[in-house]
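So for the sequence shown, the working numbering puts the first residue at 133; every next one is plus one.
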Amino acid sequence: MRSDKVFHEFPPVYDGNSRVLILGTIPSPKSRERGFYYMHPQNRFWKMLCAVIGEDIPADIAGRREMCLRRGVALWDVLSSCEISGASDSSIKNAVPNDLGRIFAAADIRAVFTTGKKAQALYERFFPEAMPSLCLPSTSPANRTLTESDMLEKYRVIAGYLG
């Protein structure tokens with residue numbers, strides 16, 4: 133499969149009230165096409181996050197952004213660019229990190245979560261001195277190793293940092 137050089141083309145979601153930072157690797161082709169995080173229709177991220185914080189899934193991107201800001205959730209990705217085949221995190225090469233320091237400088241981040249093992253490995257590689265992170269299961273449609281109820285149990289840890 134061919135690798136493409138991709139760039140992160142939309143901004144992080146955060147403000148001074150953000151308390152948790154949730155990091156993926158780099159937006160999938162569907163997310164890049166739609167210009168926002170976790171936008172593949174079968175990705176379970178929004179279902180998990182909304183269940184944890186007790187909200188309905190907002191219908192549009194503006195509503196999702198507003199909900200995250202109102203509830204103290206910052207979103208971004210570890211990488212600003214890389215070579216990748218489709219949405220396959222295992223194919224990532226020539227990774228370049230984002231400047232996560234701007235979020236830590238602007239917000240009182242109490243916990244960092246990564247959505248999947250590759251995001252975790254990249255975070256640890258590029259930010260060894262940063263706040264430790266907790267690896268949550270990938271919500272990608274390719275990850276079907278957990279039932280939704282088991283995944284939701286793992287995601288519930290987020291709520292403890294939003295109080």
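Glycine included, every Cβ here is placed at the ideal spot set by N, Cα and C.
Treat the numbers as computed from the prediction; the structure is a model and nothing was measured.
Best match in the options for proximity to residue i [C-alpha to C-alpha]
i, options, result
"Ala243", "Ser281, Gln252, Met263, Lys250", "Met263"
"Met85", "Asn149, Arg234, Thr247, Phe142", "This structure cannot speak to residue 85, because the chain is shown only from 133 to 295."
"Leu266", "Glu280, Thr247, Pro260", "Thr247"
"Ala219", "Glu280, Ala251, Glu256", "Ala251"
"Leu211", "Met180, Gly156, Ala239, Val289", "Gly156"
"Ile241", "Ile290, Ser270, Asp221", "Ile290"
"Ala239", "Leu153, Ala194, His140", "Leu153"
"Pro229", "Cys182, Asp209, Ala237", "Asp209"
"Phe245", "Leu207, Arg196, Pro260, Thr279", "Leu207"
"Phe259", "Ser270, Leu232, Ala237", "Leu232"
"Asn275", "Glu256, Asp221, Glu261, Phe236", "Asp221"
Span separating the alpha-carbon of residue i from that of residue j
i, j, result
"Tyr287", "Ile216", "27 angstroms"
"Gly292", "Ile158", "26 angstroms"
"Asp192", "Val145", "15 angstroms"
"His172", "Ser160", "8 angstroms"
"Ser223", "Ser135", "8 angstroms"
"Ala227", "Leu254", "9 angstroms"
"Gly186", "Val138", "34 angstroms"
"Ser281", "Cys214", "33 angstroms"
"Pro273", "Ser163", "13 angstroms"
"Glu285", "Thr277", "14 angstroms"
"Arg234", "Lys225", "24 angstroms"
"Ala308", "Cys182", "With the chain covering only 133 through 295, there is no way to say anything about residue 308."
Simplified DSSP assignment, three categories, for residue i
i, result
"Leu232", "coil"
"Ser281", "helix"
"Ile290", "helix"
"Phe259", "coil"
"Ala243", "strand"
"Glu215", "strand"
"Ala253", "helix"
"Ala237", "helix"
"Gly195", "helix"
Anticipated Cβ contact below 8 angstroms, residue i with residue j, distance rounded
i, j, result
"Arg203", "Leu268", "About 17 angstroms; that fails the 8 angstroms criterion."
"Phe168", "Phe142", "6 angstroms"
"Asn175", "Thr279", "That belief does not hold up - the Cβ atoms of Asn175 and Thr279 are roughly 16 angstroms apart, past 8 angstroms."
Fully enclosed by the stretch 158–190, which alpha helix (DSSP H) runs are 4 residues long or longer? Here the runs fully enclosed are 161–166, 177–185.
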